[in-house]
Amino acid sequence: MSEQQQPEGQGEEAEKKVFAPRISQELRAQIEALRGITGHTINQLGEEALRDWTEKILGDPEVRSKAMAGIEEQQRQLQEQRAAIEKVLGSTAAASNEAPADTGSSRGGRRGKSSES
Numbered sequence: 027m028s029e030q031q032q033p034e035g036q037g038e039e040a041e042k043k044v045f046a047p048r049i050s051q052e053l054r055a056q057i058e059a060l061r062g063i064t065g066h067t068i069n070q071l072g073e074e075a076l077r078d079w080t081e082k083i084l085g086d087p088e089v090r091s092k093a094m095a096g097i098e099e100q101q102r103q104l105q106e107q108r109a110a111i112e113k114v115l116g117s118t119a120a121a122s123n124e125a126p127a128d129t130g131s132s133r134g135g136r137r138g139k140s141s142e143s
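Residue numbering for the sequence shown follows this note's numbering, beginning at 27 and increasing consecutively.
This is the structure we're talking about:
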């Protein structure tokens with residue numbers, strides 16, 4: 027069926043993934059009839075419907091509030107994990123935090139040496 031075919035081509039089309047919800051036979055018959063009239067593909071209809079639904083949901087203040095609460099909870103958990111790891115590692119964690127700055131200056135020195143050679 028056309029809705030199960032992988033897109034061929036470059037760019038955005040090549041990055042799309044198959045998403046196939048199960049629907050009733052009645053709804054499918056209605057969609058097929060309207061699709062035939064409008065000339066749209068099943069993929070176009072599904073993508074439009076999902077895009078409209080996403081915009082509607084993202085506009086809901088309650089959903090946005092729940093999303094922000096979820097992000098804040100994840101940040102809190104990550105901070106707890108980081109604190110626990112730093113406690114276990116002790117001074118090793120502090121030394122690791124300084125390593126990227128040292129590495130950057132070392133790389134700069136290497137670049138200078140290689141360009142002189």
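Cβ atoms here follow ideal geometry from the backbone N, Cα and C, with glycine treated the same way. Just so we're clear, the structure is a prediction, and the values are computed from it rather than from any experiment.
Residue range of the alpha helix (DSSP H) that residue i falls in?
i	result
residue 113	87-115
Does DSSP put residue i in a helix, in a strand, or in coil?
i	result
residue 82	helix
residue 65	coil
residue 57	helix
residue 48	coil
residue 132	Because residue 132 carries a pLDDT of 48, less than 50, the predicted location of this residue cannot be relied on, and no value is offered for it.
residue 142	Only weak support exists for where residue 142 lies, its pLDDT of 49 falling under 50; the coordinates are left without a value.
What I want to know is whether the C-beta of residue i ends up closer than 6 Å to one or more non-hydrogen atoms of the ligand ADP.
i	result
residue 57	In the structure on display, the ligand ADP does not appear, and there are no ligands present to speak of.
For residue i, which residues in the same chain have their Cβ closer than 7 Å to its Cβ, ignoring the five residues on either side in sequence?
i	result
residue 41	none
residue 71	57 and 61
CB residue i to CB residue j, shorter than 7 Å?
i	j	result
residue 89	residue 97	no
Can you give me the Cβ contacts of residue i inside the same chain, cut-off strictly under 6 Å, excluding the 5 residues immediately before and after it?
i	result
residue 46	none
Leaving out five residues before and five after residue i in sequence, what residues of the same chain have Cβ atoms less than 8 Å from its Cβ?
i	result
residue 107	none
residue 43	none
residue 80	none
residue 49	57
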